[in-house]
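S.K.:
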Amino acid sequence: MNPQQSEPLQSQGQDPQLAQPVRANGNVPALDQSPHLLQQANAEAMAALVASGQVQLQDPSFSGGMPMPMPDASYLVPAIMDNGNAPIPIPPKLVSADDVALYDRQIRLWGMAAQQKIQNAHILLITMRGLAHEIAKNLVLAGVGSVTLLDGSPVTEADLGCQFFLSEGGESLVGQNRAQAASHALRKLNPRVQVHVDPDSVTVKGASYFAAFDVVIATDMGPEAFHLINTATRVNGRPFYAAGTHGMYGFIFSDLIEHDFVIERDAGNVASTPHQQESRTRSVIAVKTTRSGNKTVESVTKRELYSTWGLASDVASLPPEYTTSKRRLRSVTPALSCLRALWEFNRQQGGRLPSNRDDLKLFTQIATQKHKALSLPSETLRPEFLRAFLQNLGSEIAPVTAILGGQLAQDVINVLGQSQQPIQNTVIFDGTTMQAPMYALHPEFDLGKGLLSVPVAAAAATNVLAQPPPPPMVPDVNMFGTAAAADTIMFAGAVPPAGALSVQQQLQQLPPPPPPPPPSQPDDGSSAPLTESTSTS
Numbered sequence: 093m094n095p096q097q098s099e100p101l102q103s104q105g106q107d108p109q110l111a112q113p114v115r116a117n118g119n120v121p122a123l124d125q126s127p128h129l130l131q132q133a134n135a136e137a138m139a140a141l142v143a144s145g146q147v148q149l150q151d152p153s154f155s156g157g158m159p160m161p162m163p164d165a166s167y168l169v170p171a172i173m174d175n176g177n178a179p180i181p182i183p184p185k186l187v188s189a190d191d192v193a194l195y196d197r198q199i200r201l202w203g204m205a206a207q208q209k210i211q212n213a214h215i216l217l218i219t220m221r222g223l224a225h226e227i228a229k230n231l232v233l234a235g236v237g238s239v240t241l242l243d244g245s246p247v248t249e250a251d252l253g254c255q256f257f258l259s260e261g262g263e264s265l266v267g268q269n270r271a272q273a274a275s276h277a278l279r280k281l282n283p284r285v286q287v288h289v290d291p292d293s294v295t296v297k298g299a300s301y302f303a304a305f306d307v308v309i310a311t312d313m314g315p316e317a318f319h320l321i322n323t324a325t326r327v328n329g330r331p332f333y334a335a336g337t338h339g340m341y342g343f344i345f346s347d348l349i350e351h352d353f354v355i356e357r358d359a360g361n362v363a364s365t366p367h368q369q370e371s372r373t374r375s376v377i378a379v380k381t382t383r384s385g386n387k388t389v390e391s392v393t394k395r396e397l398y399s400t401w402g403l404a405s406d407v408a409s410l411p412p413e414y415t416t417s418k419r420r421l422r423s424v425t426p427a428l429s430c431l432r433a434l435w436e437f438n439r440q441q442g443g444r445l446p447s448n449r450d451d452l453k454l455f456t457q458i459a460t461q462k463h464k465a466l467s468l469p470s471e472t473l474r475p476e477f478l479r480a481f482l483q484n485l486g487s488e489i490a491p492v493t494a495i496l497g498g499q500l501a502q503d504v505i506n507v508l509g510q511s512q513q514p515i516q517n518t519v520i521f522d523g524t525t526m527q528a529p530m531y532a533l534h535p536e537f538d539l540g541k542g543l544l545s546v547p548v549a550a551a552a553a554t555n556v557l558a559q560p561p562p563p564p565m566v567p568d569v570n571m572f573g574t575a576a577a578a579d580t581i582m583f584a585g586a587v588p589p590a591g592a593l594s595v596q597q598q599l600q601q602l603p604p605p606p607p608p609p610p611p612s613q614p615d616d617g618s619s620a621p622l623t624e625s626t627s628t629s
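Counting with the working numbering, you get residues 93 to 629 for the letters of the sequence shown.
Here it is as C-alpha cells:
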C-alpha cells in the first residue's frame with residue numbers, strides 16, 4: 093500500500109465533505125467528533141474500499157438522500173454510531189487456529205462452516221434488561237462476530253436486582269446508560285467478540301438501520317414497538333426475535349421470513365423426497381444421500397415459512413393439530429391467552445400495565461375474549477391463574493430470564509449455522525409448571541416472503557375482509573406495515589425529520605388492492621363460471 097494513501101484517512105474527521113454527519117441508515121453518526129474511530133479501523137481495507145468506489149464518503153440526508161453504498165449488507169458491521177465504537181466494515185474473517193482451539197467443542201457439534209457463519213454474524217440486541225443480559229452472555233460465549241447493545245434508558249435501582257452485568261458497579265451505575273453499563277462486563281467474557289454500544293432510543297431509528305445486522309432481537313418492549321421493528325426487519329430481509337418475561341411467565345417469538353436448514357440423519361426405510369410438504373410451514377426442498385463408512389447418511393434441506401409479529405400475536409389461530417383435538421386444546425397453556433390480553437390492554441391503554449380494579453376487570457374481559465377466539469375450553473382459564481399472572485406483571489426473576497435467554501440464544505446459533513430446526517414461531521413459558529410449549533401461530537393467507545409485497549398484502553387483506561365474522565381476523569396496519577419499505581419509517585413517540593412521512597401517511601400512499609378478477613364467462617359451452625360447489629376441495 094502506498095504510504096501516501098493512508099494520509100487522508102487520518103484526516104477525514106476534518107474533511108469538508110464530512111462537515112455534516114454521515115447518515116448511513118437512520119442513525120446520525122458524528123465522525124468529526126470521533127477522530128479516534130479512524131485509528132481503530134483497518135486503514136488498508138478502508139482505503140481499498142474508498143478507491144474502488146464501494147464506499148462513498150458523502151452526506152446523504154435521511155429525508156432526501158440515498159443510503160451510503162456498501163459492498164454487502166450481510167456482513168456489514170453496524171453503521172458508525174455517535175459514540176464512535178463501531179469500526180469501519182471489513183470483509184468476513186476465516187476461523188483461525190486459535191479459534192479452533194478455543195471453540196473446539198462447539199465446532200465438533202455443528203461443524204466448521206457453521207462456526208465461520210457464527211463468527212461473522214452481527215447481532216442487534218434491543219433493551220438491556222435481565223433477559224437481554226442472558227441472551228448477550230450466551231451469544232458472546234458462543235463467539236459471534238459482534239453484538240450491538242441498543243438502549244437509551246438509564247440504569248435504575250430496580251435494574252440491579254436481575255441484571256448480573258451490573259453487579260460489579262452496583263449503585264454507582266445508577267443513572268448511567270443501561271447498554272453502556274452492561275458492555276464493560278460483557279466484553280470481559282470473550283475479548284474476541286466486538287461489543288458495540290448505541291445509547292440512542294430505538295424510536296429514532298429509520299428502517300435501514302436494521303440492514304447492517306444478521307439478526308435483530310428485541311426484548312421487554314410493548315407490542316407496537318415489536319411490530320414496528322419487525323416491519324423494518326422484514327423490509328430489510330433480516331431475521332427478527334421478540335421476547336419478554338413477567339415474573340414466572342415469558343415468551344419468545346421468531347420471524348425468520350423464510351429459513352432453510354439441513355438435517356443430517358441415517359437414511360431410513362422411507363427416504364425423504366424433495367418438494368414434500370411436511371406441514372403448512374415446513375417443506376423439503378432438497379435431499380442428498382452420501383455413504384459414510386457402513387452407513388448411508390441422508391442430508392435433508394428443509395424450508396420454514398414465517399408470519400409477522402402483528403399477525404401471530406393477535407389474529408392467528410392455533411394450528412389444526414390443536415383445533416381438531418379436544419385433548420390438545422385442553423393442554424394449551426392459558427398463559428397464551430393472558431399474554432395476548434396483556435398486549436391488547438397495552439395497545440388500548442397507551443403502553444401501561446394493569447394497576448387498579450377497573451384495569452383488572454378490563455384485562456379479565458380481554459383475556460376471556462382471547463381465550464374464546466383461540467377456541468380453548470373456558471374451564472382452562474381459571475380465576476386463580478388470572479390472579480397469579482397479574483401478580484407477576486412487570487417483575488424479573490433470574491431463573492426465568494436464564495431459561496428463556498438460553499433458549500433464544502441457542503435458536504439464534506442454530507439459525508446462523510442452519511443446522512437445526514428453529515423455533516416455529518411462538519414459545520410460551522410457564523414457570524409454575526416448568527413447561528415451554530411451542531405453537532405455530534399463523535394467519536390463513538400466504539406466509540414467508542409473500543407478506544413482503546404490497547399487492548400480496550393488499551390481496552390478503554381483501555380476501556379476509558370478504559370472509560364472514562369474526563371481526564378480529566381483519567388485519568389492519570399490522571399487515572400493510574410489512575410492506576412499507578420507505579427508509580423514513582419512524583417509531584411511536586419519535587419526532588420525524590422535516591419532510592419525512594409518518595407510518596400512517598406511508599400507508600395512505602400505498603396503491604389500492606387489485607380488483608378481484610371478473611367471473612369467468614362461458615364462451616362456446618366448454619367452460620362454465622366457477623361456482624362455490626366447484627371451488628371447494
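All residues carry an ideal CB built from backbone N, CA and C; glycine is no exception.
#1: Any idea which residues DSSP pairs GLY336 with across the strands?
#2: Looking at the unbroken alpha helix (DSSP H) that takes in PHE318, where does it start and where does it end?
#3: Out of curiosity, what's the CA-to-CA distance linking ASP151 and GLN207?
#4: Who does ARG59 pair with in a DSSP beta bridge?
#5: Is the stretch 499-518 touching the stretch 344-351 in the sense that three or more CB pairs, one from each, lie closer than 8 Å?
#6: Where does ASN448 land, buried or exposed, given buried means 16+ other C-beta within 10 angstroms?
#7: Cα-Cα, which of LEU410, PHE353, SER409 and LYS418 is closest to SER391?
#8: Which whole-angstrom value describes the C-beta separation of THR415 and SER409, a residue pair presumed to lie in contact below a C-beta threshold of 8 Å?
#9: Please list the terminal residues of the continuous alpha helix (DSSP H) segment that includes PHE481.
#10: With distances taken from CA atoms, which of THR393, THR382 and GLN368 is nearest LEU510?
#11: Provide the residue(s) that pair with GLN369 in DSSP beta bridges, ordered along the chain.
#12: Does the stretch 197-216 come close enough to the stretch 250-262 that 3 or more CB-CB pairs lie under 8 Å?
#13: With DSSP as the reference, label ASN506 as helix, strand or coil.
#14: Kindly indicate which residue of GLN527, VAL389, THR472 and PRO535 has the alpha-carbon position closest to the one of LEU421.
#15: Could you give the C-beta distance for HIS214 and PHE305, rounded to a whole number, given that I count them as a contact under 8 Å?
#16: Please report the Cβ distance between GLN211 and ASP191, rounded to the nearest whole angstrom; I am assuming they are in contact, meaning their Cβ atoms lie under 8 Å.
#17: Would you decide whether GLY486 is buried or exposed? Buried here means 16 or more other CB atoms lie within 10 Å of its CB.
#18: Quick check on VAL239: does DSSP put it in helix, strand or coil?
#19: Which residues share a DSSP beta bridge with GLN527?
#20: Buried or exposed, going by whether 16 or more other CB atoms sit within 10 Å of the CB of ASN386?
#21: Does DSSP put ASP251 in a helix, a strand or coil?
#22: Measuring straight from C-alpha to C-alpha, what distance separates PRO412 and GLN461?
#23: Hey, GLN499 and THR373 are a contact pair by Cβ (cut 8 Å); roughly how many whole angstroms apart?
#24: Quick one: what does DSSP say GLU350 is sitting in, helix, strand or coil?
#25: Nearest-angstrom Cα distance between ILE520 and PRO491?
#26: If you draw a straight line from the C-alpha of GLY540 to the C-alpha of THR323, how long is it?
#27: Return the first residue and the last residue of the alpha helix (DSSP H) that THR311 is part of.
#28: Between which two residues does the beta strand (DSSP E) containing LEU217 stretch?
#29: Could you work out which residue in LEU508, GLY523, THR525 and LEU320 is closest to LEU348 when comparing CA atoms only?
#30: I'd like the list of long-range same chain contacts for ARG270, defined as Cβ closer than 6 Å, with 5 residues on each side in sequence excluded.
#31: Let me know the secondary structure DSSP gives THR400 once reduced to three states.
#32: Can you check which of these residues, GLN483, VAL379 and ALA334, is closest to ILE355 by C-alpha distance?
#33: Since TRP59 and SER405 should fall inside the 8 Å C-beta cutoff, what is the C-beta to C-beta distance between them, to a whole number of angstroms?
#34: Give the straight-line distance between the Cα atoms of ILE218 and ASN438, rounded to the nearest whole angstrom.
#35: Is the stretch 469-483 touching the stretch 269-289 in the sense that three or more CB pairs, one from each, lie closer than 8 Å?
#36: Are the CB atoms of LEU223 and ASP312 nearer to each other than 8 Å?
M.R.: Straight from the coordinates:
#1: PHE343
#2: 315-327
#3: Because ASP151 sits at a pLDDT of 32, beneath the cut-off of 50, its placement in the model cannot be relied upon, and the point is left open.
#4: Not covered by the structure: residue 59. The range shown for the chain is 93 to 629.
#5: yes
#6: exposed
#7: PHE353
#8: 7 Å
#9: Looking at the DSSP string, the run of the alpha helix (DSSP H) that includes PHE481 is 475-484.
#10: Leu is not the amino acid found at residue 510; the sequence shown has Gln there. The option with the nearest alpha carbon to GLN510 is THR393.
#11: SER375
#12: Not touching, per the Cβ criterion.
#13: helix
#14: THR472
#15: Contact annotation, HIS214 with PHE305: C-beta distance approximately 5 Å; criterion of less than 8 Å satisfied.
#16: 7 Å
#17: Exposed is the call here.
#18: strand
#19: ASP522
#20: exposed
#21: ASP251: helix per DSSP, three-state reduction.
#22: 20 Å
#23: At roughly 19 Å, the Cβ-Cβ gap does not stay under 8 Å, so GLN499 and THR373 are not in contact.
#24: strand
#25: 15 Å
#26: 13 Å
#27: No alpha helix (DSSP H) contains THR311, which is instead part of the beta strand (DSSP E) from 307-311.
#28: 214-218
#29: Checking every option, the nearest Cα to that of LEU348 belongs to LEU508.
#30: MET220, ASP243, SER245 and VAL247
#31: coil
#32: VAL379
#33: The question about residue 59 has no answer, for the chain in this structure spans 93 to 629.
#34: About 19 Å.
#35: They do not touch, by the three-pair rule.
#36: yes
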